[in-house]
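Residue numbers (numbering that gives the first Met the number 0), protein chains in the order written: chain A, 0 to 275; chain B, 0 to 303. Report on the structure given below.
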Amino acid sequence: MSTTNAGLADIRPGVPVAASAESSAAVAFRTLLVKEMLRFWKVSFQTIAAPVLTSVLYLLVFGHVLEEHVEALPGVSYTSFLVPGLVMMSVLQNAFANSSSSLIQSKIMGSLIFVLLPPFSHWQLFGAYVTAAVVRGVVVGVGVFAITAWFAPPSFAAPLWSLAFAILGAAMLGALGLIAGIWADKFDQLAAFQNFIVMPATFLSGVFYSVHGLPPFWQGVSHFNPFFYMIDGFRYGFFAQSDVNPWISLAVVAGAFAVTCGIALALLARGFKLRN
Amino acid sequence: MTAAIQVSSVTKRYGSLAALDSIDLAVEPGEFFGLLGPNGAGKTTLISIIAGLVRATSGRVAVLGHDVVDDARAARLALGVVPQELAFDPFFTVRETLVFQSGYFGLRANGAWIDEVLENLGLTSKADTNMRALSGGMKRRVLVAQALVHKPPVIVLDEPTAGVDVELRQTLWSFIRRLNREGHTIVLTTHYLEEAQALCQRIAMLKSGRVVALDSTRALLARLAGLQMTLRARGALPPSVLQHRIDERDGAVLLRLSQPSDVAAVLNACAAAGCILDDVEVGRADLEDVFLQITSDPAKRKAA
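Pasting the structure below:
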């Protein structure tokens, strides 16, 4: 136990705290993680309920219109096919939104200084922001799933695959959000990143269709989109059917995560745009 | 003895502009140190480099012997910084803000000290209020509290009383003085020179990124030794009086006298010359005069 509470009136200088450097680093990491999670939890109507509603609307509209016309996977109804796509899309978009908006907000409000003054390492910052992003993504994903499952009875052919893709995909988007948040100086720059990169990439990843239904050219293009592998692999967990072998998808997603992870860590270590 | 803050030939360039130009200074442990200078002199840049928020183009800074770049962890643990910008996190209450800040420095169960800081800054009744709902002065107090959660041996305050009411200034200074008595080193920048004069043992004056004066407050004041006398008179002042003239403001003549007996000589000379005095004021030079003398442009000063 630390000696933090020793001597109420003792304000003599000195580093009071924790028993060892290791445990104080753990406290610092946990505190930042909790703060980042509370940040979205305190406005959960906007950060959780709103994206869940959006996904349900997609399901109602597209499911209703296309149910009779499309069979994306053999023996799977369109609504059932759509559910995992929407769940994963919500996971990815919200993971990105969490880390990117937290950073840009605290940059513009000036409150980022409270994170820059304490002795955080770049690993701690990265770990806390990305973990909070994964948690937000997964919470929204679970919310979307819980409600959409009501419209189409879910199947769990290989749930561990879904879990692996959800977490890895959310981590990659959390890291990407971190990069975008560090790079952007204004909200509209971040919005551009979100609207011109993240949205198209998630939309064109096979959330609403199987890429097998696309013309060969666009099938080829889809294979350069890491989001395609995230959705496809996540969906494999539901139906044990996919466009691409899930191991290949997993390798691609892990590779994409490694790249974003490396960039984000390098930016944090250099203090790019944070410590000029 | 290791300096609380050692700044060694620190230069910071933004393009061709040198915000700081080869700054050297050492703040001794336990000192109450003032950093003064006009806007744009580089005070905040220097503080940002000490705090690790900005990287120097060249030169080194150490806090209690820990280099702020190579040994950043130890340097940041030793340092508490009250930033000039009124920043806050709108999601949380005052207490949450302070609990998080403690945690960032690796502290658990810091409640007793947080309570004490809240009490000393007059924030106890606002502890559970959301940051958004606080007035500017209250937010400023929270900034001070945040800088103190980890009991840093070295505390840097960047204009902590800018735009703050008299009550907070009194509360804040009595608390900061107490921290200083207990052994904390204090570095202060302020626009209120009377604050610096009353609080600081030593003062560095910055101008255009350079240290233009670095001395004890007493020695700086002694540079303008003697008395200042302001006269408002009808009729021409005799030459024996005008030889003491240093300035003229709004029709009043400002004289510098080396000793109290000169006051009588000036008054007698005026009477002999038939000058009618409408107003006379005698006082000591204060830090503001020193500050103006040191930081004003020498060419302009001569012309005045």
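We put the CB at the ideal spot given by N, CA and C, even for glycine.
In this structure Ile49 (chain B) does not touch Val68 (chain B) by the C-beta definition: roughly 11 Å separates them, more than the 8 Å allowed.
One thing to note: Ile202 (chain B) has its Cβ no nearer than 8 Å to the Cβ of Leu226 (chain B).
Cα atoms of Gln258 (chain B) and Gly282 (chain B): separation of roughly 12 Å, rounded to the nearest angstrom.
Between the stretch 110 to 119 of chain B and the stretch 127 to 138 of chain B there are fewer than three C-beta pairs closer than 8 Å, too few to call the two in contact.
In the three-state reduction of the DSSP assignment, Glu166 (chain B) falls in the helix class.
Exclusion of the five residues before and after Val252 (chain B) leaves Leu230 and Arg244 as the residues of its chain whose Cβ lies within less than 6 Å of its Cβ.
Judged by DSSP in its simplified three-state form, Gln123 (chain A) adopts helix.
Where Gly79 (chain B) is concerned, the enclosing beta strand (DSSP E) starts and stops at Leu78 to Val81. Taking 8 Å as the CB threshold, Leu31 (chain A) lines the interface with chain B. The stretch 62 to 69 of chain A and the stretch 170 to 180 of chain A do not touch, with fewer than 3 CB-CB distances between them shorter than 8 Å. If one requires a minimum length of 3 residues, no beta strand (DSSP E) run lies completely within the stretch 84 to 110 of chain B. DSSP places Tyr208 (chain A) in the coil class of the three-state scheme, outside both helix and strand. The DSSP-derived three-state label of Asn129 (chain B) is strand. In the structure shown, Gln5 (chain B) adopts extended strand secondary structure according to DSSP, grouped into three states. Between Arg274 (chain A) and Val114 (chain A), the alpha-carbon positions lie close to 12 Å from each other. The count of Cβ pairs closer than 8 Å, one atom from the stretch 139 to 154 of chain A and one from the stretch 13 to 30 of chain B, stays below three, leaving the stretches out of contact.
Under the 8 Å Cβ criterion, the stretch 177 to 193 of chain B counts as touching the stretch 155 to 162 of chain B, having at least three qualifying pairs.
The alpha carbon of Ser110 (chain A) has as its nearest neighbour, out of B:Glu84, B:Ser124 and B:Ser101, the alpha carbon of B:Glu84. By the Cβ test, the stretch 81 to 98 of chain B is in contact with the stretch 91 to 110 of chain A, since at least three Cβ pairs between them sit closer than 8 Å. When 9 Å is used as the limit between beta carbons, Ile112 (chain A) is near these residues of chain B: Ala50, Leu52, Val80, Pro82, Glu84 and Ala86, in chain order.
The beta carbon of Asp278 (chain B) lies closer than 6 Å to those of Arg231 in the same chain, with the five residues before and after it left out. Using a CB distance cut-off of 8 Å, Ser98 (chain A) does not count as an interface residue toward chain B.
Of all residues in the stretch 58 to 80 of chain B, only Ala71, Arg72, Ala73, Ala74, Arg75, Leu76, Ala77, Leu78, Gly79 and Val80 come within less than 9 Å of chain A when Cβ atoms are compared, listed by chain position. If you ignore the 5 residues before and after Ser89 (chain A), its C-beta comes within less than 6 Å of the C-beta of Pro50, Ser54, Val139, Gly140 and Val143, all in its own chain and listed in chain order. Within the model, the alpha-carbon separation for Ser154 (chain A) versus Thr96 (chain B) is close to 44 Å. Looking at the DSSP output, Ser57 (chain B) bridges to B:Thr10. Partner residues in the beta bridge of Leu156 (chain B), as assigned by DSSP, are B:Val81 and B:Leu187.
DSSP places Gln240 (chain A) in no alpha helix (DSSP H); its state is neither H nor E.
Residue burial is scored here from C-beta neighbours: Thr1 (chain B) has fewer than 16 other C-beta atoms within 10 angstroms and is therefore classed as exposed. The alpha-carbon separation between Ile47 (chain A) and Leu91 (chain A) amounts to approximately 13 Å. Using a CB distance cut-off of 8 Å, Gly109 (chain A) counts as an interface residue toward chain B. Cα atoms of Val211 (chain B) and Leu19 (chain B): separation of roughly 12 Å, rounded to the nearest angstrom. Around the C-beta of Val6 (chain B), 16 or more other C-beta atoms lie within 10 Å, and the residue is accordingly described as buried. Its chain contains Leu58, Gly62, Glu66, Phe150 and Ala151 as the residues whose beta carbon lies nearer than 8 Å to that of Thr78 (chain A), once the 5 sequence neighbours on both sides are disregarded; these appear in chain order. Closer than 8 Å to the CB of Asn93 (chain A) there is not a single CB belonging to chain B. Just measuring C-alpha positions, the residue of B:Ser47, B:Arg248 and B:Ala74 sitting nearest Gly64 (chain B) is B:Ala74.
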